[in-house]
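Working notes, structure below.
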Amino acid sequence: MISALETNLKPMRDDISSMKYQIEDIKSSTEKLSATEAKIITSLETEIENLKITAFPQSSSQIFANESIINEVQERERRGKNIIVILKDALSINAKVAKVMRLGKLFTGKVRPVKVILESSQVVKEILKNKNKLPENVRVYNDQTPTEKNVLKELSQELVRRKDNDLNEKVNNLGKEMKSELKKQNLALGKN
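Using this note's numbering, you'd call the opening residue of the sequence shown number 1242 and step up by one each time.
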């Protein structure tokens, strides 16, 4: 009976021994895979952090730029019904005025502008179209956002610069023409 059990146990021992080797192989393969996966995970985490670092300022500045543009559009829309009037004596406007306010601080001898908010931007456009018909002591301006003021100032400076360059070019050309004409006259006088 013992010999029968021993003969039955031998294949079981072989199977168990074989399983031990397989388990060790699986264990070693799993450790290798774990190490490889750990490297991949570390690499991916590093890439994600780098993307966060590089992408965050760009998206933040983009958000700020978008908000700035939206605020500028809203501000222009809000100011669309406004005009700024600088009074020296008097002003009469035949339009529905929603609100009037003085701008700036009070200084003796200095004229303070008046901001007039009208109910319609169409009326503002009509007033601005016909502002040349107003008396000389009345000046009317469009209510501009700071960005609009800066852009118009830069354009004005560019226009002055271009006019100066054009004038300098014309003076130089005129000088060349005068020299050429003098040479012609001197040659004509010298020949006679």
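All residues carry an ideal CB built from backbone N, CA and C; glycine is no exception.
Note that the structure is a prediction, hence the values are computed from the model and not measured.
Taking residue i as the reference, which of the options has the closest Cα?
i	options	result
Arg1319	Leu1415, Asn1383, Asn1406	Asn1383
Arg1380	Lys1372, Pro1387, Thr1386	Lys1372
Lys1337	Arg1353, Ser1362, Lys1346	Ser1362
Asn1378	Pro1354, Asn1323, Lys1370, Glu1247	Pro1354
Exposed or buried, what is residue i when buried is set at 16 or more other beta-carbons lying within 10 Å of its beta-carbon?
i	result
Asn1433	Because the pLDDT at Asn1433 is just 46, under 50, the model does not fix this residue reliably, and the value given afterwards should be weighed accordingly. So Asn1433 ends up on the exposed side.
Asp1330	Note on Asp1330: pLDDT 42, under 50, position unreliable in the model; the coordinate value appears next. Per the 10 Å Cβ criterion, exposed.
Ile1264	exposed
Leu1423	exposed
When the distance is taken between beta carbons, is residue j closer than 8 Å to residue i?
i	j	result
Gly1321	Val1364	no
Gln1356	Met1342	The residue you asked about is not Gln; residue 1356 is Lys in the sequence shown. Yes, Cβ-Cβ distance for Lys1356 and Met1342 is below 8 Å.
Ile1324	Ile1289	no
Glu1286	Thr1386	no
Glu1308	Ala1339	no
Glu1278	Thr1388	no
With which residues is residue i paired in a DSSP beta bridge?
i	result
Ile1324	Val1357, Asn1383
Val1341	Val1357
Inside the stretch 1351 to 1412 only - alpha helix (DSSP H) runs reaching at least 4 residues: 1362 to 1370
Runs of alpha helix (DSSP H) wholly within the stretch 1263 to 1324 (minimum 4 residues, chain order): none
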